[in-house]
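Asks: My questions all concern the structure below.
There are 2 protein chains.
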Amino acid sequence: MSLAEDFARVSRFGAGEGGAVDRQAATAADGDQRRWLCERLAGAGARIVVDPIGNIFGLFTWTDGADWVMCGSHLDSQPNGGRYDGAYGVVAALNAAEELDARVRSGNLTPVRNLVVVDWTNEEGARFQPSVMGSSVHCGFLALEDALGSTDASGVTLRQALSGIGFLGNEEFTGTAVRYAEIHVEQGDRMEREELDVAAVSANWAAGKYDIRITGEQGHTGSTPMVQRRDALVGLARIVAAIDDFARHHDEQFHASATDVVTFPHSPNVVTSVAAAHIELRSAELGTVLRAEEWFEEMLSTVADAYGLEIEVVQRSARGSRAFWPEGIELTRSVAQSLGFTVGELCTIAGHDAVIVARTMPTVLIFVPSCGGHAHSPREYTLPSDLEKGLVTLTGVLAELTAGY
Amino acid sequence: MSLAEDFARVSRFGAGEGGAVDRQAATAADGDQRRWLCERLAGAGARIVVDPIGNIFGLFTWTDGADWVMCGSHLDSQPNGGRYDGAYGVVAALNAAEELDARVRSGNLTPVRNLVVVDWTNEEGARFQPSVMGSSVHCGFLALEDALGSTDASGVTLRQALSGIGFLGNEEFTGTAVRYAEIHVEQGDRMEREELDVAAVSANWAAGKYDIRITGEQGHTGSTPMVQRRDALVGLARIVAAIDDFARHHDEQFHASATDVVTFPHSPNVVTSVAAAHIELRSAELGTVLRAEEWFEEMLSTVADAYGLEIEVVQRSARGSRAFWPEGIELTRSVAQSLGFTVGELCTIAGHDAVIVARTMPTVLIFVPSCGGHAHSPREYTLPSDLEKGLVTLTGVLAELTAGY
Chain C
6 MSLAEDFARV
16 SRFGAGEGGA
26 VDRQAATAAD
36 GDQRRWLCER
46 LAGAGARIVV
56 DPIGNIFGLF
66 TWTDGADWVM
76 CGSHLDSQPN
86 GGRYDGAYGV
96 VAALNAAEEL
106 DARVRSGNLT
116 PVRNLVVVDW
126 TNEEGARFQP
136 SVMGSSVHCG
146 FLALEDALGS
156 TDASGVTLRQ
166 ALSGIGFLGN
176 EEFTGTAVRY
186 AEIHVEQGDR
196 MEREELDVAA
206 VSANWAAGKY
216 DIRITGEQGH
226 TGSTPMVQRR
236 DALVGLARIV
246 AAIDDFARHH
256 DEQFHASATD
266 VVTFPHSPNV
276 VTSVAAAHIE
286 LRSAELGTVL
296 RAEEWFEEML
306 STVADAYGLE
316 IEVVQRSARG
326 SRAFWPEGIE
336 LTRSVAQSLG
346 FTVGELCTIA
356 GHDAVIVART
366 MPTVLIFVPS
376 CGGHAHSPRE
386 YTLPSDLEKG
396 LVTLTGVLAE
406 LTAGY
Chain G
6 MSLAEDFARV
16 SRFGAGEGGA
26 VDRQAATAAD
36 GDQRRWLCER
46 LAGAGARIVV
56 DPIGNIFGLF
66 TWTDGADWVM
76 CGSHLDSQPN
86 GGRYDGAYGV
96 VAALNAAEEL
106 DARVRSGNLT
116 PVRNLVVVDW
126 TNEEGARFQP
136 SVMGSSVHCG
146 FLALEDALGS
156 TDASGVTLRQ
166 ALSGIGFLGN
176 EEFTGTAVRY
186 AEIHVEQGDR
196 MEREELDVAA
206 VSANWAAGKY
216 DIRITGEQGH
226 TGSTPMVQRR
236 DALVGLARIV
246 AAIDDFARHH
256 DEQFHASATD
266 VVTFPHSPNV
276 VTSVAAAHIE
286 LRSAELGTVL
296 RAEEWFEEML
306 STVADAYGLE
316 IEVVQRSARG
326 SRAFWPEGIE
336 LTRSVAQSLG
346 FTVGELCTIA
356 GHDAVIVART
366 MPTVLIFVPS
376 CGGHAHSPRE
386 YTLPSDLEKG
396 LVTLTGVLAE
406 LTAGY
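Protein sequences appear in the order of chains C and G.
Its first residue numbered 6, the first sequence is counted upward by one per residue in my numbering.
Its first residue numbered 6, the second sequence is counted upward by one per residue in my numbering.
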């Protein structure tokens with residue numbers, strides 16, 4: 006097998022039109038790709054462990070009792086998502102591990118640490134919230150029961166969904182992991198503009214994520230006088246426009262969004278009584294997010310007062326900005342340069358499992374370019390040559406990390 | 006039976022919490038209430054005709070070959086709707102017809118016209134569009150095949166839904182109807198404020214109804230630079246806010262709304278690529294609606310250009326303002342005054358089956374008060390004494406109309 010063959014195989018799970026994949030966490034398509042991964046890992050000689058949140062670990066044990074280097078990403082996708090996000094990282098980890106295992110078996114590599122490939126459950130947070138769920142449970146930042154109790158839009162719990170696809174595990178990965186590495190597509194266009202082959206991630210942006218629920222009152226869209234209306238959709242519109250204005254008038258180091266709108270009732274002639282949405286505020290600096298949060302809460306109460314609405318806000322997650330392991334950045338640079346690749350540094354704006362794991366151990370996060378910066382879209386694309394350059398960089402990094410770096 | 010008993014019975018079909026009913030067109034609850042109505046009409050001596058769009062006619066034939074007076078409204082409701090809207094008019098028509106039939110049989114009334122009670126299919130236009138569907142098909146303003154081909158949010162056609170509840174009829178009402186009367190709750194608070202018992206509707210507002218569909222592009226809510234986003238939800242927010250501003254800064258003779266929002270995809274971390282909504286522009290004057298429509302289309306293209314979106318608009322219906330039959334208004338006044346009731350005149354802002362039928366024959370539309378003006382809401386309420394006053398007024402009006410007025 007090769008990276009290209011494995012990636013082509015994974016791209017068929019949940020495939021839709023125009024390059025799209027839809028294999029959200031714990032769906033049937035996710036079950037299919039998980040079974041494929043387990044067979045592929047077992048075929049490569051790894052022992053499989055599935056933990057109670059469904060994380061899949063493929064263990065390459067070279068020295069009994071030695072510490073572990075962990076490498077992985079996630080196979081789950083967004084709805085109508087792209088093929089590269091997460092899947093590339095899992096397939097690259099698998100291929101890098103296979104290559105290193107062959108070197109160990111042929112006596113060309115003498116590692117002091119073992120290697121474990123991991124597929125984290127529900128990184129995307131699309132069907133079930135919160136995102137980066139499997140890595141957060143593994144690292145002890147999210148209670149297992151809370152995660153398993155998360156429900157999708159149809160009321161199905163993650164516990165039921167994982168059980169349904171046969172991935173509600175009952176083992177734990179009990180090795181001592183001391184290093185983590187992940188490779189991912191950039192999801193922005195900076196590497197393309199700067200003509201970088203690979204990049205070492207130096208820090209992650211801070212983010213605040215919130216659910217809002219606006220309650221107004223049903224009424225007739227014809228006969229109700231305008232001044233008597235308590236229209237939850239009008240409230241939502243004012244909020245979404247205000248957030249967009251706020252972000253556009255900020256500098257480039259601040260992003261914000263409103264998504265995932267649900268309204269009630271659905272009729273052309275009835276004033277909307279309930280509107281819910283998900284709000285995100287992100288910045289390179291935590292202080293900027295916190296100041297935006299103050300503005301946001303004040304803006305919500307202004308809208309509530311102006312339109313006679315009740316607005317509830319629940320903060321779903323808060324993430325500080327954080328620098329990555331400096332020696333890991335240096336390692337990525339030196340490996341990439343020794344391979345003749347152009348290499349740079351950048352921040353990750355998006356969250357990744359590596360952002361979670363980095364809080365518990367030295368972590369390397371490597372990016373490869375995304376053509377046009379398209380992400381969470383069927384238009385995601387990375388050149389095959391860039392995927393290969395990323396793989397050999399990751400393999401070199403893992404060789405060093407398993408050697409004790 | 007009595008008006009109060011019949012109304013209490015109908016209020017149990019599709020009953021929910023807090024006085025709500027949900028018996029949208031051609032649902033199981035609608036099937037149940039239709040069967041009840043047919044039994045109740047047949048028990049009162051009427052012959053039942055169900056036409057191909059599912060309109061139910063209950064024929065009281067007093068003179069073979071005579072012209073007909075038609076009286077009715079609709080039993081279908083909005084989602085989480087109120088008990089009075091439509092149902093009161095059907096139940097009042099039934100009770101008025103029963104009373105007049107008793108007078109005819111006892112020799113106290115000698116009509117020159119027959120009387121037919123009607124339950125029009127899908128007045129609300131909630132589950133299936135357009136609204137006032139059954140009366141529009143009956144009057145020849147909407148093609149039967151177009152109406153039956155209308156689909157709900159799950160893709161079920163009205164033909165399938167009517168067939169499923171056993172009300173895809175194969176007869177036609179072939180009598181010559183020469184007068185139409187309907188009684189309805191006001192759905193506004195003017196009668197309450199002016200202490201009117203009943204009101205004659207003198208005209209209906211003009212209305213333009215539109216479907217918009219905004220197409221942007223999926224992207225990552227984190228990493229996509231703000232200026233590169235083509236967020237369909239931001240476009241929708243700008244449009245909804247602009248329409249609300251436009252209507253609030255207009256005089257009281259203009260109402261506008263956006264409702265029934267559908268977005269894609271549903272994920273906290275994906276920029277919305279598609280947002281659809283229903284827009285209504287209403288005014289007492291058609292010219293005002295047409296000027297608002299020009300403004301609306303210009304505003305849509307400004308939003309499309311500013312945010313890199315494509316916006317499609319389809320006009321779903323256009324209704325001119327129209328005066329009601331002057332002699333009918335006079336008749337309502339004189340009947341109400343002879344009964345000792347306070348009576349006034351007002352326009353209807355909402356559409357009704359009577360607005361459609363009025364284009365084909367002299368039509369009387371009578372209102373009774375709505376407490377607090379609540380409409381399309383579980384909070385709809387009309388005092389039992391007002392319901393009774395409306396019934397005796399309607400009975401008096403029908404006595405005159407069947408006598409040849």
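Note that the Cβ used here is the ideal one computed from N, Cα and C, for glycine as well.
Here the structure is a predicted model, which means the values were calculated and not measured.
Looking at Val55(G) and Phe65(G), is the spacing between their C-beta atoms short of 9 Å?
Replies: Residue numbering aside, residue 65(G) sits at position 60 when the second sequence is read from its first letter. Residue numbering aside, residue 55(G) sits at position 50 when the second sequence is read from its first letter. No, Cβ-Cβ distance for Phe65(G) and Val55(G) is not below 9 Å.
Asks: In angstroms, rounded to a whole number, what distance separates the CA positions of Ala84(C) and Cys376(G)?
Replies: Here residue 84(C) corresponds to residue number 79 of the first sequence, with the count starting at 1. Here residue 376(G) corresponds to residue number 371 of the second sequence, with the count starting at 1. The amino acid at residue 84(C) is misidentified as Ala; the sequence shows Pro. Cys376(G) has its alpha-carbon roughly 46 Å from the corresponding atom of Pro84(C).
Asks: Can you tell which of Tyr93(G), Gly50(G), Leu105(G), Ala92(G) has its C-alpha closest to the C-alpha of Val74(G)?
Replies: Here residue 74(G) refers to the residue found at position 69 when the second sequence is read from its first residue. Nearest C-alpha to Val74(G): Leu105(G).
Asks: Is the beta carbon of Ser262(G) closer than 9 Å to that of Ala252(G)?
Replies: Counting from 1 along the second sequence, the entry for residue 252(G) is found at position 247. Counting from 1 along the second sequence, the entry for residue 262(G) is found at position 257. Yes; because the gap between Cβ atoms is below 9 Å, this pair is in contact.
Asks: Could you tell me the alpha carbon to alpha carbon distance between Glu298(C) and Arg235(G), rounded to whole angstroms?
Replies: The sequence position of residue 298(C) within the first sequence is 293, counting from 1. The sequence position of residue 235(G) within the second sequence is 230, counting from 1. Distance between the alpha carbons of Glu298(C) and Arg235(G) is about 24 Å.
Asks: How is the alpha helix (DSSP H) around His143(C) delimited, first residue to last?
Replies: Within the first sequence, numbered from 1, the residue matching residue 143(C) stands at position 138. Per DSSP, His143(C) belongs to the alpha helix (DSSP H) from 138-143.
Asks: Inspect the CB distances between the region 309-316 of chain C and the region 363-381 of chain C and report whether three or more fall short of 8 Å.
Replies: no
Asks: Interface residues of chain G around Pro374(C) at Cβ under 7 Å?
Replies: Stepping through the first sequence from its first residue, residue 374(C) is reached at position 369. Within 7 Å Cβ-Cβ: nothing; Pro374(C) doesn't reach chain G, min ~13 Å.
Asks: Find out if the Cβ-Cβ distance for the pair Met196(C), Phe372(C) is shorter than 9 Å.
Replies: For the purposes of this step, residue 196(C) is identified with residue 191 of the first sequence, where counting begins at 1. For the purposes of this step, residue 372(C) is identified with residue 367 of the first sequence, where counting begins at 1. Going by C-beta atoms, Met196(C) is nearer than 9 Å to Phe372(C).
Asks: Tell me the rounded alpha-carbon separation between Leu406(C) and Phe301(C).
Replies: The count along the first sequence starts at 1 and reaches residue 406(C) at position 401. The count along the first sequence starts at 1 and reaches residue 301(C) at position 296. Cα-Cα distance, rounded: 43 Å.
Asks: By Cβ distance below 6 Å, which residues in the same chain neighbour Ala323(C) in space, the five residues on each side in sequence not counted?
Replies: Within the first sequence, residue 323(C) is the residue found at index 318, counting from 1. Answer for Ala323(C): Gly213, listed in chain order.
Asks: Give every residue of the same chain whose Cβ lies closer than 6 Å to the Cβ of Ile219(C), excluding the five residues on either side of it in the sequence, and list them in chain order.
Replies: Here residue 219(C) refers to the residue found at position 214 of the first sequence. Only Ala237, Gly240, Leu241, Ala280, Leu314, Ile316 meet the Cβ criterion.
Asks: Excluding five sequence neighbours on each side, which residues of the same chain lie with their C-beta closer than 8 Å to the C-beta of Gln342(C)?
Replies: Here residue 342(C) refers to the residue found at position 337 of the first sequence. The residues are Val348.
Asks: Shortest alpha-carbon distance to Thr419(C) belongs to which of Ala186(C), Thr277(C), Val203(C), Ile217(C)?
Replies: This structure cannot settle anything about residue 419(C), because the visible part of chain C is limited to 6 through 410.
Asks: Determine which residues share a DSSP beta bridge with Ser262(G) and list them.
Replies: On the second sequence, residue 262(G) is found 257 positions in, with the first residue counted as 1. DSSP lists Glu285(G) as partners of Ser262(G).
Asks: Excluding the 5 residues preceding and the 5 following Leu167(C) in the sequence, name in chain order all residues of the same chain whose CB lies nearer than 7 Å to its CB.
Replies: If you number the first sequence from 1, residue 167(C) lands on position 162. The residues are Ala31, Gly59, Leu173.
Asks: Whose C-beta lies closer than 8 Å to the C-beta of Val340(C) among residues of the same chain, with five residues either side of it excluded?
Replies: Numbered from 1 along the first sequence, position 335 holds the residue referred to as residue 340(C). Close CB contacts of Val340(C) within its chain, under the 8 Å cut and outside five residues either way in sequence, are with Thr398, Gly401, Val402, Glu405 (chain order).
Asks: According to DSSP, is Glu104(G) helix, strand or coil?
Replies: Here residue 104(G) is taken as the residue at index 99 of the second sequence, counted from 1. Note: Glu104(G) maps to helix in three-state DSSP.
Asks: Name the chain G residues whose beta carbon is nearer than 7 Å to that of Arg243(C)?
Replies: To locate residue 243(C), count along the first sequence from 1; it is residue 238. Ordered by position in chain G, the residues that pass the 7 Å Cβ test against Arg243(C) are Ala246.
Asks: Is Val142(C) near Ala131(C), with beta carbons less than 9 Å apart?
Replies: For this step, residue 142(C) is matched to residue 137 along the first sequence. For this step, residue 131(C) is matched to residue 126 along the first sequence. No, they are not a contact pair.
Asks: When the Cα atoms are used, what is the spatial distance from Phe146(C) to Ala208(C)?
Replies: Looking up residue 146(C) in the first sequence gives position 141. Looking up residue 208(C) in the first sequence gives position 203. For Phe146(C) and Ala208(C), the distance between alpha carbons rounds to 19 Å.
Asks: Name the chain C residues whose beta carbon is nearer than 8 Å to that of Leu295(G)?
Replies: In the second sequence, the residue the question calls residue 295(G) occupies position 290. Residues of chain C passing the Cβ test: none, with the nearest at roughly 18 Å.
Asks: Judging by CA-CA distance, which residue of Gly91(C), Phe269(C), Val294(C) is the nearest neighbour of Ala282(C)?
Replies: Within the first sequence, residue 282(C) is the residue found at index 277, counting from 1. For Ala282(C), the closest C-alpha among the options Gly91(C), Phe269(C), Val294(C) is that of Phe269(C).
Asks: Hey, could you find the ends of the alpha helix (DSSP H) Asp358(G) is sitting in?
Replies: Within the second sequence, the letter at position 353 stands for residue 358(G). That run of the alpha helix (DSSP H) goes 358-362.
Asks: The alpha helix (DSSP H) spanning Ile170(C) covers which residue range?
Replies: Position 165 of the first sequence holds residue 170(C). Premise fails: Ile170(C) is in no alpha helix (DSSP H) and is neither H nor E.
Asks: Name the chain C residues whose beta carbon is nearer than 8 Å to that of Glu128(G)?
Replies: For the purposes of this step, residue 128(G) is identified with residue 123 of the second sequence, where counting begins at 1. Here the premise fails: no neighbours, minimum Cβ distance about 10 Å.
Asks: Can you name the start and end residues of the beta strand (DSSP E) that Tyr312(G) belongs to?
Replies: Here residue 312(G) is taken as the residue at index 307 of the second sequence, counted from 1. Note, Tyr312(G): premise wrong, no beta strand (DSSP E); alpha helix (DSSP H) at 291-312.
Asks: Go ahead and label Ser136(C) buried or exposed: buried means 16 or more other beta carbons lie within 10 angstroms of its beta carbon, across all protein chains shown.
Replies: Here residue 136(C) is taken as the residue at index 131 of the first sequence, counted from 1. With 16 or more other Cβ atoms within 10 Å, it is buried.
Asks: What residues from chain C crowd round Gly356(G), counting only those whose CB sits closer than 8 Å?
Replies: Here residue 356(G) refers to the residue found at position 351 when the second sequence is read from its first residue. Within 8 Å Cβ-Cβ: Gly227.
Asks: Using a Cβ-Cβ cut-off of 9 Å, state whether Trp210(C) counts as contacting chain G.
Replies: As a working mapping, residue 210(C) is identified with position 205 in the first sequence. Judged by the 9 Å Cβ criterion, Trp210(C) is in contact with chain G.
Asks: So which residues on chain C does Glu222(G) lean against when the C-beta distance must stay under 9 Å?
Replies: The count along the second sequence starts at 1 and reaches residue 222(G) at position 217. What Glu222(G) touches in chain C: His379, Ser382, Arg384.
Asks: Report yes if the C-beta distance between Thr307(G) and Arg184(G) is below 9 Å; otherwise report no.
Replies: Here residue 307(G) corresponds to residue number 302 of the second sequence, with the count starting at 1. Here residue 184(G) corresponds to residue number 179 of the second sequence, with the count starting at 1. No. Outside cutoff.
Asks: Taking the alpha carbon of Cys352(C) as the point to measure from, which residue in Gly345(C), Gly395(C), Leu344(C), Trp330(C) has its own alpha carbon closest?
Replies: In the first sequence, residue 352(C) corresponds to position 347, counting from 1. It is Trp330(C).
Asks: Which chain C residues are close to His189(G), counting only those with a beta carbon under 8 Å from its beta carbon?
Replies: By 1-based counting over the second sequence, the position of residue 189(G) is 184. What His189(G) touches in chain C: nothing, since even the nearest Cβ is about 11 Å away.
Asks: What first and last residue would you give for the beta strand (DSSP E) that runs through Gly59(G)?
Replies: Walking along the second sequence from the start, residue 59(G) turns up at place 54. Note, Gly59(G): premise wrong, no beta strand (DSSP E); not H, not E.
Asks: The alpha helix (DSSP H) with Phe251(G) in it runs from where to where?
Replies: Numbered from its first residue, the second sequence carries residue 251(G) at position 246. From DSSP, the alpha helix (DSSP H) with Phe251(G) extends over 237-253.
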